[in-house]
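Below you'll find the structure, written out as structure tokens, and then a few comments.
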Amino acid sequence: MNGSKGQSAQTSRSMTLISQNSVLIALILLILFGALRYEKFLSPFNILTVLRYNSMFALVSLGMCFVIMSGGIDLSVGTTAALGSVVSALLSPHGAWIGMVGGMSAGAAVGMINALVITRLKIPPFISSLAAMLAAQGAALLLAQNQSVSVSYDTDFTVIGQGDWLGFPIPAWIAGFAYLLGSLCLNLTAGGRKVLAIGGNEEAARLMGLRVDRVKFFVYLASGTLAGLAGVILASQFGAGQPVEGIGWELFAIASVVVGGTLLTGGQGSVIATLAGVLLLGLIFNILNFENGLGWISLSAYWQSVVRGLFLMVVVIFQSRLVVKRQRA
Amino acid sequence: MAGIHKHFSGIAALSNASLTVGRGEVHALIGQNGAGKSTLIKILTGYYAKDAGEIVFDGQVFEVHSPNAAQANGISTIYQEINLIPYRSVAENIFLGREHRQFGLLNWRRMEAEAEELLLRFNLKIDVHQPLSRYSTAIQQMVAIARAVSFQAKLVIMDEPTSSLDDHEVSVLFEVIQQLKSSGVSVIFVSHKLDELYVVCERVTVMRDGRTVLAGSLGSLSKLDLVTTMIGRALDSATGEQTGFTPGSDPALIEKGEPLLRVRDLSVGRKVTSANLDLRSGEIVGLAGLLGSGRSEIARTIFGAESASAGEMKYEGAAFAPKSPATAISSGIGFCTEDRKTDGIVPEMSVRENLTLALLPHLAQAGVVNDEAQRSVVAKFIKTLEIKCSSPEQPIRELSGGNQQKVLLARWLCLNPKLLILDEPTRGIDVGAKREIQTLISALAADGLGVLMISSEMEELVEGSDRVFVLREGRTVAEFRDHPISEDAIMAAMADGTSALKSTAVIAAPDGTLRRDAARSINGITPIDAPPRDVKPFLPSDERTKHVPVETKERRLAVWSGRMRREGVLIALVALIGFNLAFTPHFLSWQTFNVNLTQVCNIVIVGVGMTLVIGTGGIDLSVGSLMAIAGALAPIIFQNKIVSLPSALGIGLAFLIPVLVAGAFGWFNGWLITRFRIQPIVATLILFIAGRGLAQVSTNGNLQAFNAPAFQVIGLGRPFGVPVQALIMVSVVAIAAWMLRFTIFGRELLAAGGNEEAARLAGVPVNRIKRMVYMISGLCAGMAGLIVIAINSSSDANLVGLGMELDAIAAVSVGGTPFTGGRASVIGTLIGALIIQLVRYTLLANGIPDAAALVVKAAIIVGAVFIQAKGQSR
């Protein structure tokens, strides 16, 4: 009896290990594949470009990861990033710091409204953030007067998105720092555990005396702020605040989080695996470009969504299998 | 606590309730369901605020506003349902909310060590790193108790802590209670098991109808005293009978009958290893065993809800291995589950719908439900079973536990079953209703029904059953057949299976099989598709029972708020139109009408599919991408890019194929959801991403411009001046509304959304329904895609249907269909879409930029959902 119990715990533990690290394993395999197949895949230029371009998505996905772990969802992150890009572009003549703080504050404001609607009015996150998505887009369009807003090149604003520090792109530093902080927060602070507890069983968490609404408030606030920061990078990298960018980002962020193994029902998740998910989905695009470069085939850029979709499907089917097995065990 | 009053929406839940517990005292709190125990406790723990009264705790007036504050003041509570976080580790669950920290960061090592130490006090040695969900219910319950005790509490409240514990665990718990007591901690102990109270409690408080009716020392009161005070009337328990069963039929007579059901060496997963039992028509067979002994698994296997891994079942003399509940139902088996809430009732649906859920296929012709027949079946059963409800239309969640159980019994009885499996038929039901149900079970058996009754209550087993089988760790260990069956003997068999039972029991041989059954059966079941035997469902006779609905104030209020909820949207629409008539120039022109209509049509058509999907509790994010696919395909077909077709055929196929393809993709969504149990939001996200990609790839991302008047009729045609797409929209809405209201598919769809497990166990083909619904959503999206490209005279895969999923979801939510599933209003979606469109139009017509309209739209969505939620919670 004891033996079989121990064994099942063992197998289920290794199963968890696989499922937790499956995305990392897949990422490594994909990188190996690229490195062996394409000459310039591991060139500094390619690596830095991938990092620079994907750091925006990484930031948005980090916020989404926390929201999903708390059992919610945030559809507003894409247009919030657009709003952040517009606000920071408008403030860019005052320099990088002001632009950055402005963009993040705009994001934080959306996150705060979203959080208040969810916790005070008790509106489901799906609907509340859907509304916040529309509102943020409306605000971005109003501020930008329906066109993109050029950033100022007289100040150091463009450094945020285009500059390097110690040989790495600044956006990558920002994203890396955010993930480090996020991981620390999730695993080593009470707040992080509370997020997971609420996602796991909200009613129980409430009865255990957790201030559920407060935790949720911070989760959505963080998500909005990170989306705003992604918007700042967007504006700085492309030289303009883009009021119509960001549509669909929320669903790609959800895809990254899911690929990273975080359960959409909440209560379980990993920050690092989310980052791996972002890079994985980003690399698919990169590899598609290289493949075209080889000249054997010519796949239009449109194939990347098909491949991403297929990839997402394989991952979720794999995960659902694991969950079923774990339930049986 | 003294003079506590609490009202819920005008109804007194507590009036002048009081409770006094001494320091270091173990105090019993008892009462029937609904007597106010839980409310009183929740006031004490700060979950509810009291309306009046005073609480004095530890010598001081005590004002508590949150569970957190109560905990901080030394009151810990263990709730009836285990309230912990399943995915988190044992240690985390124990320390959640008061984690040990070092330099601001969590000190995992210390928490884990302390958790282990704490659990050792409960004789529990488990790996505290593991997620809680890996352990059994009993261990989870012990962890919950350990957590509560570890708070250095002065008062520990235990709400039915023993309901999921076995005898040994109960005795460990009682030891802990003694420990607590000796260290000066007080305990409030709520339990329905009166015997337990005498073991641990000193004093008792009895509640009835929200009042404290008795408080005193337990020693001076007999069990009978307690029961009569709880019920408020004397039971005819002078004979010592505590249940409502009538004595069983003559065993000798039954012996002769051929078994209706015979189970041999049944194994189900790890829970059941060798179960044996048999049952004849007209017999009540009890199935005893501790929690986790495999009782419910056996029942579920007989009913086809789980599949056997080995062993043999015979039903009506033939091998039997039902593949689904639907098969078992068609063979004449009914199953009342242990947990009414999670897999019995569909809470949002009416008594009528719940009662006839399994009967629906018999009540319909060509898929359309015969309302008349349905109503008379319901009226008949409400009368014969004395179900207390204000009308058959009352939502079942508003009924008391006993009446809910009667409705569930009626759900099966109306099918005229041959075998009825009852898993804890009287759990959580007050004493009065309990007796009624027990009497009913006896009467049914006397009429020839075979009943398999699982129960944890010894009196019920002993007095109700003709025979009792005892299970232990998945094996049948004993059978008792001679009356009177002794409770002690059953319990001994449950506990160790080999106790020195002398007279009545047939004891299992060491290998687990019953000695009587020398014949070994074959391992491995060959699944047979049991042919539907002719089940003769009960159909109404000429006697028409007229049911007079009781109109209470409560009920009228509910009806009103429902009406407000539904018609509030309509009022808003009328107000908008009125505003525009008054202030917007040229509003009443044909052109305005056309502009608004063409813009709203697609949202409504897609929204109808979305409404059905959301009605099943799902969501479909892929609709926009499916529109793009349909839009990309049509020009390819009618421009003869692949094969050359006669133009009429080409146009015809250009209407048909893209819609069917979109439908097929929709079906694929449903397949992912039902086959792999992927959440709808993720499953449809796949096609959201890949679907548009496919559309772009197939057109290379280029704009396909065309001029094909025959095809474009669908977008530009105006027979009698009415846009064709408006006609399509109206017919889609009408068909869907009719389907929801009148067909089996519609009713079963909502049942699946309201409580999937309950629907499955009532024989509803949940998976098939879901695949159908997603397919319908795909078909709707396909049609909308064609309309869009026909209007634009071009198809752009990058833009067709972009953002449509959100527009459709917005229309559905404004229209009042809740995202939790179980309710759906297609007309509401139509009105919702019209409102959103009209608001946008109104703002534009009055010179407000489109961007601001987005913000207003956001506010409308939040406002509409908020009002609906208010209306619902009342």
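Here the protein sequences come in this chain order: R and Z. Using this note's numbering, you'd call the opening residue of the first sequence number 1 and step up by one each time. Using this note's numbering, you'd call the opening residue of the second sequence number 1001 and step up by one each time. Glycine included, C-beta positions come from ideal geometry on N, C-alpha and C. Predicted model only: the values in this text are computed from it and were never measured.
Could you tell me whether the Cβ of residue i comes closer than 8 Å to any Cβ of chain Z?
i, result
"R/T189", "yes"
"R/P171", "no"
"R/F285", "no"
"R/Q137", "yes"
"R/P125", "no"
"R/R52", "no"
"R/E39", "no"
"R/A227", "no"
"R/L221", "no"
"R/K216", "no"
"R/L312", "yes"
"R/A106", "no"
"R/W339", "The requested residue 339 of chain R is not part of the displayed model; chain R covers only 1 to 329."
"R/E245", "no"
"R/S320", "yes"
"R/R114", "The residue you asked about is not Arg; residue 114 of chain R is Asn in the sequence shown. Not closer than 8 Å to any Cβ of chain Z, the Cβ of R/N114 fails to qualify, so no."
"R/N21", "no"
"R/G267", "yes"
Report the residue from the options whose alpha carbon sits nearest the alpha carbon of residue i.
i, options, result
"Z/R962", "Z/S1089, Z/H1192, Z/N1276", "This structure cannot speak to residue 962 of chain Z, because chain Z is shown only from 1001 to 1874."
"Z/I1485", "Z/V1477, Z/L1461, Z/P1395, Z/R1472", "Z/L1461"
"R/I31", "R/V314, R/L288, R/S55", "R/L288"
"Z/V1199", "Z/R1208, Z/F1189, Z/M1207", "Z/F1189"
"Z/Q1837", "Z/G1785, Z/I1603, Z/C1201, Z/A1726", "Z/I1603"
"Z/S1391", "Z/G1269, Z/M1349, Z/A1445, Z/H1065", "Z/M1349"
"Z/V1206", "Z/V1574, Z/T1020, Z/H1483, Z/A1445", "Z/T1020"
"Z/K1223", "Z/F1245, Z/R1208, Z/K1193, Z/R1211", "Z/K1193"
"Z/G1428", "Z/D1159, Z/P1635, Z/K1380", "Z/D1159"
"Z/D1209", "Z/V1600, Z/Y1774, Z/G1036", "Z/G1036"
"Z/R1397", "Z/I1827, Z/Q1438, Z/G1344, Z/Q1365", "Z/G1344"
Any beta carbon from chain R within less than 8 Å of residue i's own beta carbon?
i, result
"Z/P1086", "yes"
"Z/S1237", "Interpretation of Z/S1237 is limited by its pLDDT of 39, a score under 50 that renders its predicted location unreliable; no figure is taken from the coordinates."
"Z/A1294", "Before going on, a small fix: residue 1294 of chain Z reads as Gly here, not Ala. Chain R, which has no Cβ nearer than 8 Å to the Cβ of Z/G1294, makes this no."
"Z/G1701", "yes"
"Z/N1068", "yes"
"Z/P1849", "yes"
"Z/V1855", "yes"
"Z/Q1071", "yes"
"Z/A1017", "no"
Pick helix, strand or coil for residue i, following the three-state DSSP scheme.
i, result
"Z/A1518", "Caution applies to Z/A1518, whose pLDDT of 29 falls short of 50 and renders its modelled position unreliable; the model cannot decide the point."
"Z/V1185", "coil"
"Z/F1122", "coil"
"R/K216", "helix"
"Z/A1443", "helix"
"Z/Q1868", "helix"
"Z/D1423", "strand"
"Z/A1690", "helix"
"Z/R1771", "helix"
"Z/W1412", "helix"
Just confirm the distance between the C-beta atoms of residue i and residue j, as a whole number of angstroms; I'd bet it's less than 8 Å.
i, j, result
"Z/E1196", "Z/T1162", "6 Å"
"Z/L1359", "Z/V1377", "7 Å"
"R/G266", "R/G200", "7 Å"
Given the structure, does residue i come close to the ligand SAM, in the sense that its CB is under 7 Å from one of the ligand's heavy atoms?
i, result
"Z/S1307", "No copy of the ligand SAM appears in this structure; indeed no ligand is present at all."
If the cut is a Cβ gap below 9 Å, which residues of chain C does residue i touch?
i, result
"Z/I1126", "Within the model displayed, chain C is absent; protein chains R and Z are what it includes."
In chain order, each alpha helix (DSSP H) run of at least 4 residues that lies wholly inside the region 1017 to 1103 of chain Z: You should have 1037 to 1044, 1067 to 1072, 1090 to 1095.
message: Please give me, in chain order, every unbroken run of the beta strand (DSSP E) with length at least 3 that falls completely inside the region 35 to 108 of chain R.
response: The DSSP assignment places no complete beta strand (DSSP E) segment of no fewer than 3 residues inside the region 35 to 108 of chain R.
field: Start-end ranges of the beta strand (DSSP E) lying completely within the region 1155 to 1213 of chain Z, minimum 3 residues
entry: 1155 to 1159, 1186 to 1190, 1203 to 1208, all fully within the region 1155 to 1213 of chain Z.
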